[in-house]
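Student: Quick one: the structure is below, and I'll ask about it shortly.
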Amino acid sequence: MDQAERQAIAACQTGELTQFTLLYERYIEKIYRFVYFKTLHQETAEDLTSFTFMKALEHIADYDVARGNFSSWLYRIAQNTVIDHYRTTKQEVDIEQVFNLASGQNVAAETEVSLALQEVQTYLKSLEPDTRELIIMRLWQGLSYQEIAELTGKSEGALKMAASRALKQLRSSVSAATLLLIFGSLN
2 MDQAERQAIA ACQTGELTQF TLLYERYIEK IYRFVYFKTL HQETAEDLTS FTFMKALEHI
62 ADYDVARGNF SSWLYRIAQN TVIDHYRTTK QEVDIEQVFN LASGQNVAAE TEVSLALQEV
122 QTYLKSLEPD TRELIIMRLW QGLSYQEIAE LTGKSEGALK MAASRALKQL RSSVSAATLL
182 LIFGSLN
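Using the numbering used here, the first residue of the sequence shown is number 2, and each one after it goes up by one.
Below, the structure written as C-alpha cells:
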C-alpha cells in the first residue's frame, strides 16, 4: 500500500469521504473483473461492484491497516457481496440478452469466443474450487501472489506451486487457439 492510498484511507476515516475517489479509481477495474468472473453477467457484475464500493465506503471507518491490505479487505467485501447475491437471487435468463440478433455484431466471432470460453469453463469446472479461484484471481483479475495469499490465508509458495501445476494442465487440456484468445484478452 503506497502513501497516497494510506492518506486517502485516513482522510476517509476522519470523515473526508471525497478522498474515497482515489481508492475507487484505483480498484474499480480489478473489483469489476473479480465479480464478473464469478457471475459471468455484465449488468450483475456492474451492480455488485457498485454495492461493493458502497459497502466499503459505509464501513471505511472499520478498516484496520494492521489487519491487512486495503485491497484484500475490498476483495473480501466483493466476495461476500457475490455470495449474498447468489443466496438471495434465483438465476433467470432474459431471452433478449441471449438472442440479440439485431445487434449487428459479428456472430461468427462471438460464436468462436463463446466456444473458447466454454472450453475454458469446462476446464475450470474440472479443477478443485481453491485452484479454480487461484487461477481466476491470478490470470483474469491480475492479483499478485501476495494479494492472493492475504485473501486466502495460504503461503505464496504454495500458491505459486498450485498455479504452476494448474497452468501446466491447462496448456495440455485447452487448444492453442483458445490459449491465445485467453491470454490475448488479458491485456
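The beta carbon of each residue, even a glycine, is placed where N, CA and C say it ideally should be.
All figures in this text were calculated on a predicted structure; none of them were measured in a lab.
Using the C-alpha atoms, what's the distance from S145 back to V66?
Tutor: 19 Å
Student: What's the C-alpha gap between D48 and L75?
Tutor: In a straight line, the C-alpha of D48 is about 16 Å away from that of L75.
Student: So what's A67 in DSSP terms, helix, strand or just coil?
Tutor: helix
Student: Just checking my contact of F35 with Q142 at CB under 8 Å: how many whole Å lie between their CB atoms?
Tutor: 5 Å
Student: State yes or no: is the C-beta of L140 within less than 9 Å of the C-beta of I149?
Tutor: Contact: no.
Student: Suppose you measure from the CA of M138 to the CA of E17; what does that come to, to the nearest Å?
Tutor: 31 Å
Student: Rounded to the nearest angstrom, how far is the Cβ of Y28 from that of S72, given a contact under 8 Å?
Tutor: 7 Å
Student: On a CA-only basis, which of E120, T153 and Q119 is nearest T132? Give me that one, please.
Tutor: T153
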